[in-house]
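All remarks here apply to the structure that follows.
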Amino acid sequence: MFNDENKTICAISSPSGVGAIAIIRLSGSQSTEIASKLLRKPERFLKIDAGKMMFATIFLENEQILDEVLMVKFIEPHSFTGENSVEIYCHGSEYIQSQIISELVKEGASVAQPGEFSKRAFLNGKMDLSQSEAVADLIASSSKEGHRLALNQMKGQISNEISELRQQMLELVSLMELELDFGEEDVEFADRTQLIDITEELIHRTNNLIESFKYGNAIKTGIPVAIVGEPNVGKSTLLNALLKDDRAIVSDIPGTTRDSLEELIIIDGLKFRLIDTAGIRNSDDIIEKMGVERTYKNIAKAQVILLMIDANSTDKEALIFIKNIKKKITDDQYLLILINKNDIAKNELSVSLKEYAPVIKISAKTGENLDSLSKLMSSWVNSLKLSETNLILTNNRHLELFKNSNVALIRANEAIKAGLSGDFVSQDLREAMYYLGEISGQVSNEEVLGAIFAKFCIGK
Ligand SMILES: Nc1nc2c(ncn2[C@@H]2O[C@H](COP(=O)(O)OP(=O)(O)OP(=O)(O)O)[C@@H](O)[C@H]2O)c(=O)[nH]1
Ligand SMILES: [Mg+2]
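Pasting the structure below:
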């Protein structure tokens, strides 16, 4: 088994701060021995079966009782890291936690680096690199869909796809290289039309994965939704209504919101980042101007834009404002026009706004039609999901490597079409394989691994 300088590591694996219980984890060949030394009768823990919980009292050096705990051991390879491991469940006091850690260190354990448990799990072959990264995503997931995607990845969905793709590439490479071995006899083992078809299929599959990132990333980081409009139209009232919380200051004084304000909200299992913005108008007030600049920045970074109009504004006012915002957004962004204050609308706007974006009449104050608004937002996010594939990329690192692999595949495909020598084709295919191997960790180096696991927190 892999063991970094043969060290047994320990760390607090529960969140920092005070909870009813905290969990301390050890991993490495000496885990059981080191943990047992915290007890008056170490042999009790040495003899107990793996996976069996044991009640124990931990003493400090001066024979003072520190805590009553539960302990369990795991024997390699049947643990998260694949090494001998121990978990100690103590009471949540920060004092108790730090005392146990320092006792463990005195007995020979080292304090774990961030992500070191997961790194060991990877190096011991318990999971591949993309699965280890999914463990971090699973821990960070805060919505139903975010959790589902992380779980699929942890269970190996992306890893399986990568193995399949690499296998197909390897078969192609073998064929090409076999031909090269018979170079002088000028044989063609591989039918060129078939090679073109296979490489195109591989390009298509990698394209799908690259495309899926739009959805995957939106799910993982939350979909930014900017609420924009002129002052006093009811933007902050809408933020509060959707959050069901009195978060933003609301008043009938135009220009109340000065700075943008962001809050998380879950709709239909999807995470949205709602951004209330300063009302857009020309102002001489320096602070208000800065606020409006921020509003434009938020429009640029949002994926959904809720453009709010007061139901009692004139056609002309509404049109000028909509056209102004429309100029600032791209086709990738989803624009919705909200006609607010429908509860006090005196008359309908006579101009048709539908040609600019879907229109929905709401009242942020009474809650009228807010359900429909939520439905529209979640349907749009779901529409980003490609129907053709269930595989969804959520990780930037994976995206870049899939893109590189895709480019190499396209080169291979073009080389075959141009009738180039098998040398070139197999070199491109090998490159495409290499990038996929970096995702799963089949090809990796210490530097890359260090960078990935350093982002994890201690105890993970
Ligand atoms: N009747 C009615 N009043 C509303 C509605 N939405 C907001 N208001 C009122 O409109 C006024 C302005 O609301 P805000 O939410 O502060 O407006 P805002 O768009 O955030 O304004 P700024 O921050 O100044 O840009 C307040 O008095 C709200 O109570 C609505 O749907 N119906
Ligand atoms: Mg406001």
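Per my numbering, the very first residue in the sequence shown carries number 8; after that it's consecutive. For glycine and all other residues, C-beta sits at the position ideal for the given N, C-alpha and C.
(request) With DSSP as the reference, label I210 as helix, strand or coil. (result) helix
(request) Pull up the distance between the alpha-carbon of F124 and that of V299, whole angstroms please. (result) The straight-line gap from Cα to Cα measures roughly 47 Å.
(request) Please list the segments of the beta strand (DSSP E) lying wholly inside the stretch 309-363, counting only runs of 3 or more residues, in order along the chain. (result) 311-317, 341-347
(request) Give the secondary structure of L427 by DSSP, where H, G and I count as helix, E and B as strand, and everything else as coil. (result) coil
(request) Please name the residue in F66, R51, L67 whose C-alpha comes closest to that of M60. (result) For the residues F66, R51, L67, the minimum Cα distance to M60 belongs to R51.
(request) Out of D252, V118, Y341, G153, point me to the one whose CA is closest to K467's CA. (result) V118
(request) Return helix, strand or coil for T228, following the three-state DSSP convention. (result) helix
(request) Have a look at L342, Q174, L179 and flag the residue whose alpha-carbon is nearest the alpha-carbon of I423. (result) Nearest neighbour of I423 by Cα position, chosen from L342, Q174, L179, turns out to be L179.
(request) Take E453 and list the residues in its own chain whose beta-carbon comes closer than 8 Å to its own, dropping the five residues that flank it on each side. (result) none
(message) If you reduce the DSSP assignment to three classes, tell me which class L182 lands in.
(response) Taken through DSSP and simplified to helix, strand or coil, L182 comes out as helix.
(message) Distance check for T200 and G172, CA to CA, integer angstroms please.
(response) A small fix is needed here, since residue 172 is Leu in this sequence, not Gly. Going from the Cα of L172 to the Cα of T200 covers about 19 Å.
(request) Look at the alpha carbon of D292 and the alpha carbon of A307, and state the distance between them as a whole number of angstroms. (result) 23 Å
(request) Compare the Cα-Cα distances from G241 to each of F81, L177, L313 and report the closest residue. (result) L313 is the residue among F81, L177, L313 whose C-alpha sits nearest the C-alpha of G241.
(request) Give me whichever residues DSSP pairs with T302 in a beta bridge. (result) DSSP lists no partner for T302.
(request) Take the Cβ of E90 as the centre, count every other Cβ of all protein chains shown within 10 Å, and call the residue buried at 16 or more, exposed below. (result) Counting the other CB atoms within 10 Å of its CB gives E90 a total of 16 or more, which places it among the buried residues.
(request) Find the nearest neighbour of V112 within the set E152, L53, E168, E40, judged by alpha-carbon distance. (result) E40
(message) Could you pull the DSSP bridge partners for F62 from this structure?
(response) L77
(request) Please name the residue or residues paired with D283 in a DSSP beta bridge. (result) I234, L268
(request) For F9, collect the residues of the same chain with a Cβ closer than 7 Å to its Cβ; drop the 5 residues on either side in sequence, then sort them by chain order. (result) Below a pLDDT of 50, predicted positions are generally treated as unreliable, and F9, at 47, falls in that range; no measurement from the model is reported.
(message) Any heavy atom of ligand 2 closer than 7 Å to the beta-carbon of K368?
(response) The closest heavy atom of ligand 2 lies 7 Å or more from the beta carbon of K368.
(request) Could you have a look at Y366 and say whether DSSP puts it in helix, strand or coil? (result) A small fix is needed here, since residue 366 is Val in this sequence, not Tyr. Correct three-state label for V366: strand.
(request) On the DSSP bridge assignment, give the partners of L33 in chain order. (result) C17, V93
(message) Using 8 Å as the threshold, is the C-beta distance between E295 and R280 below it?
(response) no
(request) Between the Cα of G429 and those of T302, L182, L67, spot the shortest distance and give me the residue it belongs to. (result) L182
(request) With DSSP collapsed to three states, give me the class of H98. (result) strand
(request) List the residues that DSSP assigns as beta-bridge partners of K278. (result) In the DSSP output, where bridge partners are listed per residue, K278 has I273.
(message) Quick check on the DSSP output: the alpha helix (DSSP H) that includes R254 runs from which residue to which?
(response) Taken as a continuous stretch (DSSP letters only), R254 belongs to no alpha helix (DSSP H), as it is neither H nor E.
(request) Can you say whether Y222 is buried or exposed, counting buried as having 16 or more other CB atoms within 10 angstroms of its CB? (result) By the neighbour-count rule (16 or more Cβ atoms within 10 Å), Y222 is buried.
(message) Run through the DSSP bridge pairs and tell me what S117 is partnered with.
(response) I16
(message) Can you tell me whether V311 is buried or exposed? The criterion is at least 16 other CB atoms within 10 Å of its CB, across all chains shown.
(response) buried
(request) Note down, in chain order, each residue of its chain lying with its Cβ closer than 8 Å to the Cβ of Q37, except the 5 sequence neighbours on either side. (result) T15, N91, G115, A116
(request) Go ahead and pull the three-state DSSP assignment for I465. (result) coil
(message) Quick check: is any heavy atom of ligand 2 less than 7 Å from the C-beta of K5?
(response) This structure cannot speak to residue 5, because the chain is shown only from 8 to 467.
(request) Confirm the yes/no value for this check: CB of D252, any heavy atom of ligand 2, distance under 7 Å. (result) no
(message) Can you tell me whether T302 sits near ligand 1, meaning its C-beta is under 7 Å from at least one heavy atom of the ligand?
(response) If you check the C-beta of T302 against ligand 1, you find no heavy atom less than 7 Å away.
(request) Please name the residue, chosen from V79, S258, E186, that lies closest to A197 on a Cα-to-Cα basis. (result) E186
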